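Engineer: Under the working numbering, the letters of the sequence shown match residues 511 to 899, in that order. We put the CB at the ideal spot given by N, CA and C, even for glycine. The structure presented is a predicted model; accordingly, all values stated were derived computationally and were not measured. The structure's right below; bear with me while I get my questions together.
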Amino acid sequence: MAVYQRKHISSILQTRPLQILHLLKNRSTTRTNLMLRKYKAIEADQTNSWTYPDMIPKNEVASTPEILTSEYRLRRNKLMLSVANATKDIGSKKYVAVIAANPVYYMAPDVPYPYRQNSDFLYLTGFQEPDAVLVLESTDLTCYKSILFVREKNPQQELWDGPRCGVENVSELFGIDEGCSINKLPEYLSAWHNCTFWVNNLSTKIQNLLHSFRREYFDLSSFIHSLRIIKSSSEIDLMKLSAITASRAMAETMKASNAGISEAFLHAYFEFECRKNGADALAYPPVVAGGRRANILHYTKNSQLIVDDELVLVDAGCDYRCYSSDISRTWPINGRFNRAQRQLYEAILDVQETCIKACKPGISLNDLYVIMQKQLESNVVGKFILLVI
511 MAVYQRKHIS SILQTRPLQI LHLLKNRSTT RTNLMLRKYK AIEADQTNSW
561 TYPDMIPKNE VASTPEILTS EYRLRRNKLM LSVANATKDI GSKKYVAVIA
611 ANPVYYMAPD VPYPYRQNSD FLYLTGFQEP DAVLVLESTD LTCYKSILFV
661 REKNPQQELW DGPRCGVENV SELFGIDEGC SINKLPEYLS AWHNCTFWVN
711 NLSTKIQNLL HSFRREYFDL SSFIHSLRII KSSSEIDLMK LSAITASRAM
761 AETMKASNAG ISEAFLHAYF EFECRKNGAD ALAYPPVVAG GRRANILHYT
811 KNSQLIVDDE LVLVDAGCDY RCYSSDISRT WPINGRFNRA QRQLYEAILD
861 VQETCIKACK PGISLNDLYV IMQKQLESNV VGKFILLVI
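In structure tokens:
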């Protein structure tokens with residue numbers, strides 16, 4: 511059933527992309543209706559087979575509708591195979607991999623920033639809550655045990671922040687061997703002796719703990735990133751959904767443009783169109799720059815009016831299930847290019863189309879960069895830009 515759904519989504523992506531956005535809207539409606547009917551669901555602030563029974567088989571609980579628990583387990587298996595080989599090379603028999611979730615960051619007391627999970631941690635667990643740690647401990651050189659340390663259930667705190675998975679639901683919802691309270695992590699780490707620790711480099715909290723116990727550790731990041739660079743069919747579907755959602759939003763934002771409009775309006779309109787069609791957030795602070803402000807590489811104030819006859823540059827994308835799209839487009843705010851604007855636009859468009867045609871299996875990003883440089887020099891330098899040496 512799950513495999514059929516992935517193929518079905520893939521076929522729609524190729525032929526009827528607008529229907530995908532309709533599917534995304536239906537997912538949200540389905541979840542709302544199920545909650546209103548008071549399904550006896552496991553309380554966790556994530557999707558599961560109770561809240562999405564039409565999308566997730568009961569015998570295969572998933573953290574998101576698109577990526578199944580079995581895929582997360584396969585990722586952990588591949589990671590531990592790499593760790594086992596590296597540990598063997600340094601002459602150690604016991605090893606533990608420790609991967610931490612992101613904490614909650616605050617912009618002011620009691621005012622958190624929107625939460626974004628650590629990408630490496632999410633890739634291995636699908637777990638979206640903060641203050642959690644995944645531990646993969648070797649039982650011998652070929653087997654391992656997975657433990658997810660999470661916050662305990664707390665009805666009073668959940669009234670403010672929403673439901674927690676809790677220790678008791680970890681195995682059923684995420685396919686982890688064992689759930690454990692995050693409060694027991696220091697005791698667990700201190701009990702390991704004569705062992706090689708592997709840690710994702712971003713976790714200063716874990717590094718500080720290991721330092722306090724005088725434990726040696728190695729960086730795990732390169733192993734995880736070598737896995738993440740090759741995308742599964744489920745991930746490719748999510749990336750396509752993210753790209754389609756953002757491209758539709760960009761087209762609608764162009765239609766909403768007119769002389770005298772503010773950059774802030776276009777920023778808000780793009781975000782609205784993304785979220786309306788299923789995106790969780792924007793992928794990054796967008797650049798919405800009218801006129802000469804487009805020359806500022808990281809212009810994100812997006813606060814000025816765009817006057818008649820100016821071009822506007824929008825560099826934006828959306829975050830869909832933590833898979834990001836990234837699009838840059840430039841257009842005349844009044845809908846009409848003047849002669850010089852059109853010539854420059856078409857020169858850059860030719861560069862883009864040349865690079866797209868060059869995208870084939872085996873070509874590197876550096877190869878594309880060289881092609882882009884040569885095409886820019888041919889199309890732009892000397893015609894629109896004078897280089898002074």
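1) Distance check for Ala-793 and Asp-729, CA to CA, integer angstroms please.
2) Per DSSP, Phe-728 forms a beta bridge with which residues?
3) Might you give, ordered along the chain, the residues of its own chain that have their beta carbon closer than 8 Å to the beta carbon of Ala-774, omitting 5 neighbours on each side?
4) Can you round the beta-carbon distance between Thr-763 and Gly-685 to whole angstroms, since I take them to be within the 8 Å contact cut?
5) Spatial neighbours of His-532 within its chain, please: CB distance less than 7 Å, with the 5 preceding and 5 following residues excluded, ordered by chain position.
6) For Tyr-616, which of helix, strand or coil comes out of DSSP?
7) Going by other Cβ atoms of all chains shown within 10 Å of its Cβ, with 16 needed for buried, is Gln-638 buried or exposed?
8) DSSP beta-bridge partners for Phe-659?
9) Touching or not, the segment 748-756 and the segment 814-830, by the rule of three or more beta carbon pairs under 8 Å?
10) Among Gly-770, Val-817, Phe-733, which residue has its Cα nearest to the Cα of Leu-589?
11) Using 10 angstroms around the beta-carbon of Leu-669, count the other beta-carbons present and answer buried if the total reaches 16, otherwise exposed.
12) For Lys-801, name the three-state secondary structure that DSSP assigns.
13) Per DSSP, Tyr-833 is paired with what?
14) Closer than 6 Å: is that where the CB of His-703 sits relative to any heavy atom of the ligand NAP?
15) Find out if the Cβ-Cβ distance for the pair Leu-699, Leu-683 is shorter than 7 Å.
16) Under three-state DSSP, which class holds Trp-670?
17) Put Ala-596 into one of helix, strand or coil per three-state DSSP.
Structural biologist: Considering the structure as presented:
1) One-based indexing of the sequence shown puts residue 729 at position 219. One-based indexing of the sequence shown puts residue 793 at position 283. Going by the C-alpha atoms only, they are around 27 Å apart.
2) For the purposes of this step, residue 728 is taken as the residue at position 218 of the sequence shown. Looking at the DSSP assignment, Phe-728 forms a beta bridge with Trp-708.
3) Taking the first residue of the sequence shown as position 1, residue 774 is located at position 264. Correct list, in chain order: Val-798, Asn-812, Ser-813.
4) For the purposes of this step, residue 763 is taken as residue 253 along the sequence shown, with counting starting at 1. For the purposes of this step, residue 685 is taken as residue 175 along the sequence shown, with counting starting at 1. Between Gly-685 and Thr-763 the Cβ distance is about 40 Å, and since that is not below 8 Å, they are no contact.
5) Locating residue 532 in the sequence shown gives position 22, counting from the first residue. Below a pLDDT of 50, predicted positions are generally treated as unreliable, and His-532, at 48, falls in that range; no measurement from the model is reported.
6) Within the sequence shown, residue 616 is the residue found at index 106, counting from 1. Reduced to three states, the DSSP call for Tyr-616 is strand.
7) Counted from its first residue, the sequence shown places residue 638 at position 128. Per the 10 Å Cβ criterion, buried.
8) Counting from one through the sequence shown, the residue named residue 659 turns up at place 149. DSSP lists Val-643, Cys-690 as partners of Phe-659.
9) yes
10) The residue labelled residue 589 in the question sits at position 79 within the sequence shown. Out of Gly-770, Val-817, Phe-733, Phe-733 has the C-alpha closest to the C-alpha of Leu-589.
11) As a working mapping, residue 669 is identified with position 159 in the sequence shown. Its Cβ having fewer than 16 others within 10 Å, Leu-669 is exposed.
12) The residue labelled residue 801 in the question sits at position 291 within the sequence shown. It should be pointed out that residue 801 corresponds to Gly in this sequence rather than to Lys. Helix, per DSSP.
13) For the purposes of this step, residue 833 is taken as the residue at position 323 of the sequence shown. Partner(s): Tyr-830.
14) Absence of the ligand NAP is noted for the structure shown, with no ligands found whatsoever.
15) Locating residue 699 in the sequence shown gives position 189, where the first residue counts as 1. Locating residue 683 in the sequence shown gives position 173, where the first residue counts as 1. In this structure, Leu-683 does not lie closer than 7 Å to Leu-699 by Cβ.
16) Sequence index remark: in the sequence shown, residue 670 carries index 160 (1-based). It is helical.
17) Start at 1 with the first residue of the sequence shown, and residue 596 comes out as number 86. Three-state result, Ala-596: helix.
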